[in-house]
Amino acid sequence: MSDFTSGFWNWYVALITIASIAGCAILLWSQSRYKVGLDADGQPAKTTGHVWDEDLTELNTPMPRWWMGLFYMTIVFGIVYLVLFPGLGSYAGKLGWNSTGAYQAELKQSNLEYGPLFARYASQDLKVVAADPQAHAIGERMFLNYCAQCHGSDARGNKGYPNLTDGDWLHGGEPETIKQTIMVGRIGQMPAMGAALGSDKDIEGVAHYVRNLSGLTADPVKVAFGKAKFGACAACHGAEGKGNPMLGAPNLADKVWLYGGSADTIMETIRKGRTNTMPAFGEFLGEPKVHVLAAYVWSLSNPAPAKAIDDKVAAK
Amino acid sequence: MNLPKEAVVKMYAAREEIYPREIQGRYARLRWAGVWLTQIVFYGLPWLQWNGRQAVLFDLGARKFHLFGLVLWPQDFIYLAGLLIICAYGLFLVTAVAGRVWCGFACPQTVYTELFLWIERRIEGARSARIRLDRQPWTLEKIWKKGAKHAAWLAVALWTGFTFVGYFTPVHVLIGEIASFSVGAWEGFWVLFYGFATYGNAGWMREQVCKYMCPYARFQSAMFDRDTLVVTYDRKRGEPRRPGARTAGDKLVAKAVAKAGDCIDCTMCVQVCPTGIDIRRGLQYECIGCAACVDACNGVMDKVNKPRGLIRYATENALAQGWGTREVKRRLLRPKVLGYTAVLGLLILAMTTSLALRTPLKVDVIRDRGSMGREVEDGQIENVYRLQLMNTSEDARRYRLAVEGMPGARIVDLHVVALDGASARALPVRVRAAAGEGGSHRIAFTVTALDDPSVSVREEAAFIVPR
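Protein chains in written order, with our numbering: chain A, 421 to 736; chain B, 20 to 486.
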């Protein structure tokens with residue numbers, strides 16, 4: 421646990437701490453009594469014995485004894501604390517407390533509290549969960565916490581981050597498939613095809629052909645030229661360019677463009693390829709939470725249940 | 020014999036027990052009125068019900084603070100600050116006018132000390148009996164009396180701790196838990212903590228709290244001036260003190276008696292003092308202005324057929340110039356008092372106005388940071404926002420969302436939102452507008468309750484058109 425190569429600094433810190441506490445105790449004790457001279461009546465003088473500027477003395481107005489007791493109690497508290505908790509160098513403390521353990525304990529507590537709720541949803545079909553108003557609210561909050569950074573608060577995505585509401589799925593949009601995507605993540609791989617296709621003219625042709633597939637404006641000459649070259653792409657995207665969810669190959673014949681549908685962008689995609697990652701959340705969130713989250717994500721492109729929920733809340 | 024030239028003195032001293040004598044009179048009655056008033060409210064309030072729930076409940080877990088019909092949220096903490104400022108100014112005003120009346124008649128330290136003293140008197144007897152009891156060795160009687168006193172103190176203290184926690188945990192639930200010995204660890208801790216604090220402060224610490232712990236005791240001299248009413252001994256009238264009656268036969272003494280003032284040096288004012296001071300030595304920082312010495316001295320003056328008021332509430336100026344009540348009252352209109360009153364009045368006005376006009380709806384607009392703005396069909400631009408809505412009323416409500424500030428700006432799909440009573444919701448909202456000039460534009464969201472248009476919040480945001 422120690423970041424140091426020798427135990428020296430641990431001892432250094434521990435000794436300074438102990439010496440400081442001992443020093444406080446000695447200071448308290450030594451300053452709590454004073455030797456003073458006797459006054460004319462043979463009684464101890466009523467001053468503290470301090471003299472400033474030749475004749476300025478300070479009256480002794482004693483503090484209450486319990487107040488002194490409080491000072492000593494802070495020392496006792498400090499010693500007890502250092503015995504129980506980690507505070508002296510690398511000494512771990514009798515209680516064995518550490519922040520990791522405290523986090524784990526809180527996590528355990530929270531799982532105890534919410535575990536049964538998530539377990540109940542986990543045993544239900546995803547489409548049933550999607551129709552449950554409470555699960556929908558939980559899913560919405562989880563989405564805003566964990567997913568919205570990339571996919572946007574409205575789940576409509578961003579350049580490079582897929583829109584989750586349009587019903588167009590790279591890896592398949594069945595509830596179970598979505599759950600799989602969240603659990604183990606996805607890696608989207610478009611290889612760089614520049615060298616395989618050949619010249620810039622070839623690449624431009626394929627780009628125009630692909631634009632033509634989804635009904636965008638394209639130069640007919642270039643389209644015809646690109647069509648001949650599209651064979652290299654068909655292995656993944658299919659002969660008609662309709663894509664393949666098994667490979668995560670996008671449908672090129674619809675109007676959804678992850679990186680942009682301009683000829684220049686498509687050419688860049690073909691030339692340099694694209695690599696994209698959806699991180700795995702299974703280990704972090706646990707299967708029951710992912711279940712609820714997947715149901716929510718599915719409901720985004722199947723909005724009937726979500727609508728029913730707002731109506732239900734409103735009817736209350 | 021060689022006498023030591025030096026001695027060792029300690030810088031701390033043990034507390035000397037004070038045995039305040041019981042006293043009757045106008046100010047004692049006033050103090051008991053203070054005790055009853057504050058404690059009926061304190062002990063009783065948690066039991067009051069309102070709309071099917073506890074009327075006053077500070078629910079820390081749910082972060083909701085119920086005050087009768089009012090529900091306050093952590094966002095409303097400004098009102099707590101306002102309340103504390105009003106209390107502080109109230110205290111300043113009262114102190115400037117009449118000294119430490121808060122200390123003497125309403126402060127919990129005084130109130131609980133008074134309660135504990137009452138118990139002490141019922142069990143151990145009057146002042147002299149208590150002094151005797153403390154000096155005598157431990158007998159069965161002493162053990163019984165002390166034990167009974169501490170048991171009674173602890174009972175009051177624990178009930179106080181329980182009541183205090185009852186403001187934060189529903190009191191009916193709490194008493195059930197206590198009856199079945201299933202109190203939560205934290206609730207149990209705080210009941211014991213506040214119980215112990217009450218027992219320790221009112222039973223053992225007493226005047227030590229005022230003398231050594233209370234910060235207010237030390238800074239209130241800043242509010243005093245020569246026209247502040249304080250408990251004072253009329254030195255001109257009282258001095259020289261009349262010597263004791265036992266030496267009345269002596270000629271010198273008889274002469275002294277003839278010249279003597281009204282003070283008969285009976286020390287009753289010292290015996291009744293809860294902080295153990297002699298008010299005849301003038302204004303002291305220990306004096307909490309409880310006027311027990313005024314009651315005591317008035318009783319004595321009645322007995323020796325002298326006018327009352329040898330010790331009385333008076334101002335420094337009134338004593339010096341022999342003013343009557345009228346002149347003292349006239350000095351009430353001095354700038355300091357008027358200033359405090361004006362500030363206090365303004366604060367109360369501002370606070371009540373703000374509370375009355377409070378909108379039971381909170382809206383925060385957070386623009387999505389992931390995307391600047393995206394182009395959608397017909398070349399329109401779309402921005403995404405997260406609307407954090409909070410319905411702070413107790414009823415479920417529906418709200419209409421609207422956006423303004425850019426030509427053609429509109430919210431997509433979502434127009435009416437429903438929220439349960441006292442609940443919060445984060446909503447993703449898409450706003451579309453015609454692609455105008457590139458850059459940032461000011462827009463504003465308006466959220467209005469369908470059933471009550473006065474419940475409406477307008478919140479500004481930025482709409483970004485990509486260049």
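Here a beta-carbon is modelled for each residue, glycine too, at the ideal position from N, C-alpha and C.
>> Could you tell me which whole alpha helix (DSSP H) segments of length 4 or greater appear in the segment 181-217 of chain B?
In response: 190-198, 204-217
> Is it buried or exposed for B/Met20, if we count other Cβ within 10 angstroms and need 16 for buried?
Replying inline: Since pLDDT at B/Met20 reaches only 47, below the 50 mark, its modelled position is unreliable, and the value read off the structure follows with that caveat. Label assigned to B/Met20: exposed.
> Do we get a CB-CB distance below 7 Å when we pair B/Tyr304 with the residues of chain A?
Replying inline: no
>> At the level of alpha carbons, what is the spacing between B/Leu67 and B/Val192?
In response: 14 Å
>> Can you confirm whether B/Gly389, when its beta carbon is compared against all beta carbons of chain A, has any partner nearer than 7 Å?
In response: yes
> At a Cβ threshold of 7 Å, is B/Met409 touching chain A?
Replying inline: no
> Is the Cβ-Cβ distance between A/Arg485 and B/Ala167 less than 7 Å?
Replying inline: no
> At what residues does the alpha helix (DSSP H) containing A/Thr494 begin and finish?
Replying inline: 485-504
> Touching or not, the segment 680-697 of chain A and the segment 628-638 of chain A, by the rule of three or more beta carbon pairs under 8 Å?
Replying inline: yes
> Which residues in chain B sit within 8 Å of A/Trp487, going by Cβ to Cβ distance?
Replying inline: Tyr31, Tyr231
> Are the beta-carbon atoms belonging to A/Tyr716 and A/Gly507 less than 7 Å from one another?
Replying inline: no
> With a CB to CB cut of under 6 Å and the five nearest residues on each side skipped, what residues in its chain are close to B/Gln239?
Replying inline: Thr114
> Where does B/Glu35 sit, in a helix, a strand or coil, going by DSSP?
Replying inline: coil
> Using a Cβ-Cβ distance under 7 Å, would A/Ala728 count as near chain B?
Replying inline: Summary for A/Ala728: the model assigns pLDDT 48, below 50, so the residue's position carries little reliability; its value from the coordinates is reported in the next sentence. No, its Cβ sits nowhere closer than 7 Å to a Cβ of chain B.
>> Closer than 9 Å between beta carbons: that is the criterion. Which residues of the segment 575-591 of chain A meet it against chain B?
In response: Ala575, Arg576, Gly577, Asn578, Lys579, Tyr581
> Can the beta-carbon of B/Leu64 be found closer than 7 Å to that of B/Val75?
Replying inline: yes
> Between A/Phe424 and chain B, is there a C-beta pair that is closer than 7 Å?
Replying inline: no
> Since B/Arg449 and A/Asp574 are thought to touch, with beta carbons under 8 Å apart, how far apart are those beta carbons, to the nearest angstrom?
Replying inline: 5 Å
>> I want to check one thing, is the minimum distance from the CB of B/Ala361 to the heavy atoms of the ligand ADP below 6 Å?
In response: For the structure depicted, the ligand ADP is absent and the ligand set is empty, with no information on it obtainable.
>> Considering only DSSP beta bridges, list what B/Leu89 is partnered with.
In response: B/Leu86
> B/Ala279 and B/Arg261 look like a contact to me (Cβ under 8 Å); what is the Cβ gap, rounded to whole Å?
Replying inline: 4 Å
>> On the criterion of 16 or more Cβ atoms from any shown chain inside 10 Å, does A/Lys709 qualify as buried, or is it exposed?
In response: buried
> Measuring CA to CA, which of B/Asp387, B/Gly343, B/Trp121, B/Phe183 is closest to B/Ala107?
Replying inline: B/Trp121
>> Let me check one thing: in DSSP terms, what residues is B/Tyr252 bridge-paired to?
In response: B/Ile330
> Do A/Lys599 and A/Ala714 have their C-beta atoms closer together than 7 Å?
Replying inline: yes
>> So the candidates are B/Leu420, B/Arg429, B/Ile430; which of them puts its Cα closest to the Cα of B/Val474?
In response: B/Leu420
> Which whole-angstrom value is the C-beta distance of A/Ser721 and A/Leu584, which I expect to be below 8 Å?
Replying inline: 7 Å
>> Based on DSSP bridge pairs, tell me the residues matched to B/Thr467.
In response: B/Arg419, B/Ser475
> At a cut of 8 Å, does the segment 460-469 of chain A reach the segment 496-510 of chain A through at least three beta carbon pairs?
Replying inline: no
> Residues of chain B with CB under 7 Å from A/Pro482, in chain order?
Replying inline: Lys29, Met30, Tyr31, Ala32
> Using a beta-carbon distance below 7 Å, is B/Val384 in contact with chain A?
Replying inline: no
>> Using beta carbons (cut-off 7 Å, strictly below), is B/Gln399 in contact with chain A?
In response: no
>> By the 8 Å beta-carbon criterion, what residues does the segment 403-431 of chain B contribute toward chain A?
In response: Val403, Tyr404, Arg405, Ala415, Arg417
> Going straight from the alpha carbon of B/Arg393 to that of A/Arg576, what length do you get?
Replying inline: 10 Å
>> So for B/Val313, helix, strand or coil by DSSP?
In response: helix
> Between B/Arg119 and the rest of its own chain, which residues show a CB-CB distance below 6 Å, the 5 nearest in sequence each way excluded?
Replying inline: Ile307, Gly308
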